[in-house]
Amino acid sequence: MSNGQGDSGRGFTRGNMDRENEYDRNSRPGLYEAGQRPGFIGEFQECTPQGDLLDESTRIVLDYDNEPLPDTSQKNNKWKVVN
Numbered sequence: 009m010s011n012g013q014g015d016s017g018r019g020f021t022r023g024n025m026d027r028e029n030e031y032d033r034n035s036r037p038g039l040y041e042a043g044q045r046p047g048f049i050g051e052f053q054e055c056t057p058q059g060d061l062l063d064e065s066t067r068i069v070l071d072y073d074n075e076p077l078p079d080t081s082q083k084n085n086k087w088k089v090v091n
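Basically our numbering = 1-based index in the sequence shown + 8.
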């Protein structure tokens, strides 16, 4: 059925589909090593090697998509995406 107006006003616009630097839970792993460059802007929290989050005081934000993750408080800990 067509109302003569096409698809305007319904569904996703092309702009919404092409947003850059947004975290997509389906295409990016959840855990990262210190020094790794995730390739996107986001919020990360330090966690155990198994993925259990540590205290919220270990939360950081990467402001640039090419920024490396800092060292963790313990050698084998990782960074987990939290946003």
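Beta carbons: idealized from backbone N, C-alpha and C, even for Gly. Bear in mind the structure is a predicted one, so any value in this text is a computation, not a measurement.
Would DSSP call residue i helix, strand or coil?
i     : result
Glu41 : coil
Glu75 : coil
Quick test of your reading: residue i and residue j, contact by CB under 8 Å. State the CB separation rounded to the nearest angstrom.
i     : j     : result
Gly50 : Asn91 : 6 Å
To the nearest angstrom, how far is the alpha carbon of residue i from that of residue j?
i     : j     : result
Glu75 : Gln53 : 15 Å
Glu64 : Gly47 : 23 Å
Arg67 : Pro57 : 16 Å
Please state if the CB of residue j and the CB of residue i are separated by a distance shorter than 7 Å.
i     : j     : result
Asp73 : Ala42 : no
Lys88 : Leu39 : yes
Leu70 : Gln44 : no
Tell me where the beta strand (DSSP E) around residue i begins and ends.
i     : result
Leu70 : Arg67 to Leu70
Gln58 : No beta strand (DSSP E) holds Gln58; DSSP gives it neither H nor E.
Lys83 : Neither: Lys83 is in no beta strand (DSSP E) and is coded neither H nor E.
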